[in-house]
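Numbering (this note's numbering), first residue to last: 12 to 955.
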């Protein structure tokens with residue numbers, strides 16, 4: 012009976028463990044449990060599958076079905092009931108799919124684990140949880156392995172395409188033969204470098220950041236060798252619906268549909284989703300470069316029609332979700348649902364596809380004529396190449412229409428961003444300087460936006476993108492306003508609350524508490540300029556928060572940690588209101604912390620923007636003069652406070668647009684003022700972008716940045732890798748001395764793609780690696796309180812990566828003498844770092860290294876108390892305790908002599924430690940995880 016109640020689910024969230032509670036109605040893991048029951052594990056001989064699919068495909072091609080996602084899970088993903096994470100985020104692919112697209116899918120099951128458990132044990136497990144959850148299943152068995160799908164966009168050259176196809180066939184055969192290591196020749200790697208784009212989706216987060224074929228298969232080879240590094244592929248779920256539990260049949264959302272019902276609904280969605288996604292790619296990626304000249308009105312019409320169709324589609328999907336989630340199971344009638352959702356827009360879609368086809372053909376003809384004219388005028392080869400690069404950068408070369416509404420050619424998907432708060436990818440409209448004056452490039456322009464709470468940073472971003480997108484107010488009025496951040500404000504006349512976009516869907520904006528920063532954490536908004544640059548504006552929590560200076564300091568620390576992950580900063584923009592009587596006192600503290608992190612030279616990248624300047628005749632008023640006394644304190648005589656880096660805007664014209672959406676009437680005098688406001692703000696917006704792009708040098712955070720704050724962040728990332736490396740060195744020394752010189756333990760770092768924590772109160776899980784007991788990393792998720800346990804939040808510490816272990820039947824790569832030398836390097840560096848954090852950076856009152864070292868010794872003591880075979884761990888405790896004693900002696904010596912406060916010495920020690928291979932691998936996992944989480948806080952394109 013137990014086996015008959017088991018269903019399979021693709022493990023799109025790869026953080027499930029045996030015993031995790033699972034909500035089958037929204038396909039998500041809602042609680043992790045450790046099971047006090049035997050676990051049966053069996054290694055499999057790499058059951059592999061590898062398929063290559065060409066892109067000139069049927070327009071109803073089902074990507075989710077292609078990668079083996081089950082019927083109901085596919086439907087949950089399409090209806091946005093399940094999160095599109097892991098391999099399921101393939102739904103977010105943004106490029107158009109055509110005959111030059113290839114899908115490379117690979118899956119290999121390496122290990123199977125299951126718990127041996129009875130119905131009574133399951134019932135006892137469920138009843139022991141006192142949380143109010145919507146669980147319908149528990150995870151009883153897991154297949155572990157490797158799975159990915161790489162979408163490759165080939166160049167528009169037949170010969171190169173044929174060569175790449177030949178190499179891909181070779182790769183497929185090698186992947187299917189698990190005993191072979193993938194090795195490509197230099198010539199083959201050079202050919203693969205011609206790929207236009209590679210986007211990878213996988214159950215293993217580290218594979219999702221790979222953008223080169225050689226890197227992808229290097230990772231695959233590594234994962235095949237180290238099976239402990241593999242993640243779940245499939246969950247086998249045990250139903251708890253028939254058990255006497257607090258979760259049974261509780262708050263069921265989506266009733267169980269028959270296979271035919273699922274197929275009908277899915278086909279209904281795909282019938283409209285695929286062409287609308289194709290149109291989205293056309294409108295957002297292919298056409299924005301031509302929003303001028305004689306094509307302008309036609310393109311605006313296409314964009315407007317697409318926006319209308321997309322809104323209709325989104326409403327239909329929302330309506331469909333609502334109908335399915337509230338439908339009475341006994342009265343469920345599919346015909347009634349389809350009658351309710353009759354989508355009568357197919358003719359409009361077909362007409363719009365035809366308009367896009369005609370426009371793109373016309374653009375192609377103009378490009379060809381332009382090239383011919385250039386040749387006729389005997390333009391230099393260099394200039395011609397630059398022009399070709401411009402065309403390629405803007406994705407207009409070789410344009411053909413890939414989608415045939417009456418044929419079976421192509422589908423299109425959405426953007427490679429897993430964020431739930433995505434918006435339309437927007438290319439900013441041209442002014443004369445944007446098209447002609449800026450050099451062609453693909454650089455990211457990073458602008459950090461700072462200001463007081465309530466100054467209107469989020470509104471400024473919304474306004475700026477509209478000013479850059481629409482040259483005139485009448486153009487903006489004929490389209491829907493672009494609100495990339497939800498809008499909420501009181502209209503001055505009658506204090507009516509005006510809202511635009513769904514405030515409930517914003518996880519980053521809190522409109523409920525006046526006096527507190529609306530923006531909760533940093534978020535990057537990325538726009539595309541016509542020369543190929545990407546404009547990235549970083550919205551930040553405001554300072555002057557009513558919760559006090561501690562909250563301001565917390566916000567500033569968060570901001571600096573966020574930008575520490577960037578490669579460079581182009582500008583730091585201070586947003587203010589004109590005619591302030593005095594500046595917020597936190598401005599001074601803000602400058603101090605900026606200089607502590609960047610150094611004083613960052614002042615060269617300061618710019619000052621003023622909002623609501625219509626009342627001061629579009630000037631900064633008296634506010635700008637309030638900054639000079641602060642700069643005098645830092646002896647910044649050369650900082651510019653001139654017209655070139657001061658910009659004045661009025662955001663009321665943007666609010667006017669939003670008010671129109673809420674059917675608010677305005678008189679003619681108001682409209683004239685808003686037109687003037689729009690014209691001036693548009694001009695200032697273009698001047699701002701030109702100044703940042705051409706008048707400022709970017710500030711590198713990789714080469715130039717040496718500061719106390721920067722070193723603090725670097726050191727804090729090193730603490731755990733250092734201590735885990737020390738512990739593993741002592742493990743291998745112990746194995747050498749007691750067990751066998753022909754055995755060793757290696758660490759493998761697993762990238763994590765969202766914030767997770769370790770609980771200091773929960774009993775840890777002990778795993779056996781040979782005769783060593785090791786406490787396994789067990790991630791807890793936090794949302795105000797822990798979602799995994801009921802322990803206090805202050806008993807949780809963040810972990811930046813997970814560790815796996817493998818026992819090898821060979822000696823360690825390092826000799827005993829080399830390991831002892833590494834221990835000495837790490838001891839000296841650890842003392843320097845702990846002293847620096849406590850006495851130079853003043854970021855802690857504790858000896859951070861010592862606190863974590865003591866915790867590590869306590870973990871080993873716990874293992875000894877709870878393991879029958881513990882002689883190796885007993886010796887490890889002795890080694891760690893002796894090392895701790897030597898560490899404390901050296902630390903006291905440092906204090907007595909007041910040594911190592913030189914920043915140059917600290918950076919030399921950081922570099923020396925980072926060069927140790929096992930530490931470098933852990934740091935790489937941290938860096939990759941940070942890159943993934945940064946991507947999750949970027950807004951680029953809407954997900955539908």
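No residue lacks a Cβ here, since even glycine has one placed at the ideal position from N, Cα and C.
Taking C-beta separations shorter than 8 Å and ignoring five residues to either side along the sequence, the partners of residue 843 in its chain run 905, 911, 916, 917, 920, following chain order.
The Cβ atoms of residue 741 and residue 887 sit closer than 9 Å to each other. For the pair residue 360 and residue 286, the CB atoms are nearer than the 9 Å cut-off.
Annotation for residue 124: the continuous beta strand (DSSP E) segment containing it runs 112-126. In the three-state scheme derived from DSSP, where H, G and I count as helix and E and B as strand, residue 291 is classed as helix. Residue range 169-187 is occupied by the alpha helix (DSSP H) that includes residue 173.
Here residue 561 is exposed. Its C-beta has fewer than 16 other C-beta atoms within 10 Å. The beta carbons of residue 90 and residue 319 sit no closer together than 9 Å.
Note that the C-beta distance between residue 277 and residue 86 is below 9 Å. Of all alpha-carbon atoms in 629, 675, 671, 645, the one lying nearest the alpha-carbon of residue 654 is that of 629. DSSP places residue 667 in the helix class (H, G or I) of the three-state scheme. Residue 548 and residue 460 do touch by the CB rule: their CB atoms are close to 6 Å apart, below 8 Å. Nearest neighbour of residue 791 by Cα position, chosen from 780, 813, 785, 777, turns out to be 813. The DSSP-derived three-state label of residue 241 is coil.
Collapsing the DSSP output to three states places residue 20 in a strand.
By the 16-neighbour rule on beta-carbons within 10 angstroms, residue 184 is exposed.
In this structure, DSSP gives residue 875 a helical state, which the three-state scheme calls helix. Within the DSSP secondary-structure output, residue 924 pairs in no beta bridge. With distances taken between CA atoms, residue 587 lies nearest to 463 out of 463, 107, 271.
In the assembly as shown, residue 329 is an exposed residue. Its beta-carbon has fewer than 16 other beta-carbons within 10 Å.
With contacts defined as CB atoms closer than 9 Å, residue 589 and residue 626 qualify as a contacting pair.
Within a 10 Å sphere around the beta-carbon of residue 853 sit fewer than 16 other beta-carbons, which makes this residue exposed. When rounded, the separation of the alpha-carbon atoms in residue 487 and residue 472 is 16 Å.
Rounded to whole angstroms, the gap between the alpha carbons of residue 545 and residue 700 is 11 Å.
Counting only residues of its own chain and dropping the five nearest sequence neighbours on each side, residue 179 has a CB closer than 6 Å to the CB of 63.
Residue range 148-164 is occupied by the beta strand (DSSP E) that includes residue 161. Looking at the backbone, the Cα of residue 773 and that of residue 802 are separated by about 8 Å. Residue 777 and residue 883 have their alpha carbons spaced roughly 14 Å apart. Three or more beta-carbon pairs drawn from the region 26-40 and the region 144-153 are found closer than 8 Å, and the two stretches are therefore classed as touching. Residue 843: member of the alpha helix (DSSP H) spanning 827-846, first to last residue. Residue 501 counts as exposed, since fewer than 16 other beta carbons sit within 10 angstroms of its beta carbon.
Beta-bridge analysis with DSSP links residue 815 to 759. Residue environment: residue 56 is assigned as exposed (fewer than 16 neighbouring CB atoms within 10 Å of its CB, all protein chains considered).
Using a Cβ-Cβ distance cut-off of 8 Å, the region 571-587 and the region 608-622 are in contact, since at least three pairs of beta carbons, one from each stretch, lie closer than that value. Look at residue 31 here: in three-state DSSP terms it is coil, with no helix or strand label.
Assignment of beta-bridge partners to residue 793 by DSSP yields 797.
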